[in-house]
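Residues 118 to 1072 (my numbering) make up the sequence shown, in order.
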Amino acid sequence: MTGAAGTALCVVCEEYADGGKFPRLVGAVAQMDEIVGLLEGLGYEARKVGGGNPSADAFRVESEEWSEGWVATGDAKPALVIWSGHGVRVDGQTRLVLSDLKPADDPGQWKARVTRHGVTADDLVSEAVGSGAEHVLVIIDTCYAGGGAVPALGLALGRWEEESAPPGHAKWLGFLASCQSHETSDGSGPLLAALTKVLKEGPAGDEYRSAWSAHNALVSGPDLLGAIATRWEGEGQTPVPATLGEWRPAFPNPLHSPEAPARLVEHLVQAARGVGHREEGWFFTGRTGVLGRIVEWLDEDAPGLFLVTGPAGCGKSAVLGRIATLADPEQRARAVASGALRDGDPDPGVRAERTLAAVHLRDLTPLQAAERLARALGLPRPRSTDDFRAEVRELSPQPVLVMDGLDEVPAEHTQSVIEELVFPLSRSVPVLLGSRERAFRNKLEDNETLVQALARHIGAGVTTVDLEEEPHTREDIGEYVRRRCEAAGMAEGPAGETGAAIAERASDVGGGFLFARLVTSTVLARAASGEDGSLLTELPDSIDAAFENELRAVPARERDDGTVLPSAAWDLLSALAWAVGQGMPAGGVWEAVAGALGGGVEYDETDVDWALSTFGRYIVEDAEEGQAVYRLYHREFVAHLMNREGPDGGDADEVVLRTLVDLLKRQGRAGDWSGVDPYVTRGLVQHAVRCGGAGMEVLRAVASWDEGIGLPYLAEGSNELSLVLSKSGLPDEALDYSCEAVCLYKELSKVSPAAHRSELAGSLDNFANRLATIGDRQGALAPAHEAVNLYRTLAEQHPATFTPNLAGSLNNLANRLADTGDHQGALQATYEAAHINRTLAKQNPATFSPNLAISLNNLAIRLANSGDHHGALKTAHEATNLYRTLAEQHPATFTPDLAACLHNLANHLGETGDRQGALAPAHEAVHITRALAEQHPATFISSLAASLDNLAIRL
């Protein structure tokens, strides 16, 4: 195999032995050289036959070598055949002329020579199909080239009937000629000129084409043909395209950029523009007080945090987007040209390149957010958030970081984003943050304001603005609506009335600018349709209702052939609401899921592009595994669409899952899933777990269809669902699925012991915990022991990967042993875990210090249970000191652990007779736990009761 992305056979004939009949094609070799260079830049192995101007013998030798070489090393990757030169029609056939064709006076002899020396399209297709490439595109830029189309397709069809693609794979042939069979070419190479532009810049035009996203590593053959058509500038001749077979994305995308960020900065820009459906113009208005304060804060050029907060839809993104837009030279130019920067508007001014980075945080982990900010600042990709912070500290001048949507970060990552990015970065550089206040609730102490709490945590200047409390909000909303209406052609009087009415309703329902934006779009759509009656009747009374009206207001999807798809908006957007990971890809998955949710509608890529163009303000484009993927960014919109029932009242999540399985079986085959869209394979378990027991039934059916590949998915799903059920307070159901996971992994390990050993070990630890939860403490011992033995073997074979798992499994075993009263056995296991974690923490403190703290706390308890109270006290002091350091660095994560450790320390001091010394940690534990219980009573009220009991004993 070769690492090339594809192969290309390039033939160019500029000069001919028979110069009288075939004049020189000036510039043809240079044109092909440029194409070869572009192809090589895209990862192709490009071969220019004979170095240019090849003889018939050279062509036959090299084309054969090319075909045979690729079938041996190309791994079925795509093949291009590109020909530039002269072509002739002889005996009703188009033949491509090679440079060494000699002249002949006798017409019959000349035809015989052309027949012997000339090459047909069949010859090119034969070599290309013989190369083993599953996707082939033949491009011929000669006179009469179109005459080879039908024979070429016929040859490929015959070959494929004899040797079809394996299930799950697709074969496709594309043929593109510069002119029809009776036409001559102008000799300038118009087809290759169009190809060159596509290889440089992609398709022409302003339309959004999802296939050509910078996030897509590959495009399909039809995408290439369509793009070349947009670049065609030839006159007097008609290109001839022809295709055969089933296409898949296979050809390298010249626009692909692995480092392209998610289109989240664009989301900020769009939010600042406030542009509705098919409207142009910049309508951002008001908020001058907030914007003025931000501009003054930026002018200070000092580290600190400026938090813009407020409820959903109040315009946080618009404010941040306004700053990001006006600070960026390109976006600022567009804004100024559109009249968006008016006299007296607060203006941050243009910032130097790479000194402002903006990111929308929704659904990102701390590291993903750091990676995107680093990319915008021109920094290397960070390995950790620590690396990113270190790089930022070294920048001069210091950058401004704009982070929007902190409250839309997954719950399990919110505090990490705050403690690894927001707080520490604010100590080094100016950070402009948009978020609802709820993200910071657990940072507040008694009688402390938000500003005081943030200043205490950051140690730098903090400014906060709550947009809900800003004066003139209703007036700002009314002015925003009025400007949009006037820009759409509404008279000044009605526009003002509309603005006042919508602003009043937005204030009444608490919907803010988001509500106003949606309702304004609906009103303008009704006005454009000529609807009778008042446009302001029956204004919606919630954001949900406004979303629904917005979808209804958009004209139904109508294809070029007149087909109307009335539910396209709901179906296509609902599909994205169910997306997992970074989003759902087009080109098959999105269309299929939307169609299933619509009850069997068949959507295609043009429908997806319509949705993206029409509803792009609600959609984020991102990348995952070389694919462009799409997701909705308004959580309110996601929740609204997820509440829709599936067809015939069924559960929509199950419809989505079953559609993915249908795609799996259509694109793959039992034993080979290589042709399956990556989204299906990476998201299958997550979609199934979301469906609960019904999802597991679907995975069981997949495993029955393909046991070899499907069984691991079922095992993973069972284990994951067990964890979900356990967290949901369903211990018996959790045990059942955990037991199933263990059985499945054991079955898999019999077939391939090494492949699933780590998954089996993890499932055994989970199984032991589930047994302990229901009270079967004795039964939990065997799986806990087995898990340790497996991890010990894995750690010996792969110490860097599995030594931490061994330590965790030993801690788990110690807990299970202690549950049965075997304190000596628990002590031995805990000693080993602590020793391992101490070694790991010395090597990598940031990663393994928390694990060491857990082990030390456990070890102190085990020592005390074994009667070594002085040894327990020493270890408890070490654990407490370590937790105190961790809580200072990451208070949200480790403050509860510090409280528990202080509780234990008080016990150990009491057990050694130091009753006076036990009071201080007992008091501190109560103080910390009381604060936690006030913030999260359901979680910490029992811990507070225990701490108070302990303190009472000490007193």
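Just so it is clear, CB atoms sit at the ideal spot from N, CA and C, and this is done for glycine as well. Predicted model, so just to flag it, every value in this text is computed and none were measured.
Residue pairing by DSSP places Ala-663 opposite no residue, since no beta bridge is assigned to it. Residue environment for Val-681: exposed (fewer than 16 other C-beta atoms within 10 angstroms of its C-beta). The straight-line gap separating the alpha-carbon atoms of Glu-753 and Asp-770 is approximately 18 Å. Take Val-407, set aside five residues on each side of it, and the residues of its chain with a beta-carbon closer than 8 Å to its own are Val-425, Val-436, Val-582, Leu-584, Glu-587, in chain order.
As summarised for the segment 296-375, the continuous beta strand (DSSP E) elements at least 3 residues long and confined to that stretch are 357-362, given in chain order. In the three-state reduction of the DSSP assignment, Pro-195 falls in the coil class, being assigned neither a helical nor a strand state. Per DSSP, reduced to three states, the secondary structure at Gln-515 is coil, with no helix or strand assignment.
Secondary structure of Glu-537 (DSSP, three-state): helix. Closest by C-alpha distance to Asn-760, out of Ala-662, Pro-307, Glu-738, is Ala-662. Counting every other CB atom within 10 Å of its CB across the protein chains shown gives Asp-445 a total of 16 or more, marking it as buried.
Using a C-beta cut-off of 8 Å, the segment 679-693 makes no contact with the segment 626-637, since fewer than three inter-stretch Cβ pairs fall below that distance. Excluding its 5 nearest sequence neighbours in each direction, Arg-676 has C-beta neighbours in its own chain below 7 Å: Thr-723, listed in chain order.
Residue pairing for Val-746: DSSP places it in a beta bridge opposite Pro-702, Asp-739. Note that the segment 592-600 touches the segment 613-626; at least 3 beta-carbon pairs, one per stretch, sit closer than 8 Å.
Lys-165 is bridged by DSSP to Cys-127. Excluding residues up to 5 positions away in sequence, nothing lies with its Cβ nearer than 6 Å to the Cβ of Ile-535 in the same chain. Secondary structure note for Val-718: it is in no beta strand (DSSP E), with a DSSP letter that is neither H nor E. Each of Gly-362, Leu-270, Tyr-261, Leu-335 was checked against the Cα of Gly-160, and the nearest Cα belongs to Leu-335. 8 Å or more divides the Cβ of Ser-730 from the Cβ of Tyr-1000.
Met-607 carries a coil assignment under DSSP once its states are collapsed to helix, strand and coil.
Just measuring C-alpha positions, the residue of Gln-515, Ala-475, Arg-600 sitting nearest Leu-549 is Ala-475. About 21 Å separates the Cβ atoms of Ser-1064 and His-1007, ruling out a contact at the 8 Å cut-off. Counting C-beta atoms within 10 angstroms of its own C-beta, Lys-959 has fewer than 16 neighbours from the protein chains shown and is therefore classed as exposed. Residue environment: Val-166 is assigned as buried (16 or more neighbouring CB atoms within 10 Å of its CB, all protein chains considered).
The three-state reading of DSSP puts Glu-762 in coil, since its state is none of H, G, I, E or B.
Taking 8 Å as the cut-off, the beta carbon of Asn-906 is found no closer than this to the beta carbon of Asn-836. By DSSP's assignment, Pro-547 forms a beta bridge with Gly-421.
When rounded, the separation of the alpha-carbon atoms in Gly-202 and Ala-250 is 25 Å. DSSP, reduced to helix, strand and coil, places Ser-1059 within a helical segment of the structure shown. Residue pairing by DSSP places Thr-731 in no beta bridge whatsoever. Beta-bridge partners of Arg-212 (DSSP): Val-205. Ranked by Cα distance from Ser-552, the options Met-520, Leu-542, Pro-541 are led by Met-520. DSSP places Thr-1046 outside any beta strand (DSSP E); the residue lies instead in the alpha helix (DSSP H), whose first and last residues are 1032-1052.
Only residues of its own chain outside the window of five on either side were considered, and among them Ala-125, Cys-127, Ala-163, Lys-165 have a CB closer than 8 Å to the CB of Val-153, listed in chain order.
With respect to the C-alpha of Pro-795, the residue from Gly-704, Arg-734, Asp-726, Pro-497 having the closest C-alpha is Gly-704.
Here the alpha carbons of Val-746 and Met-701 stand approximately 5 Å from one another.
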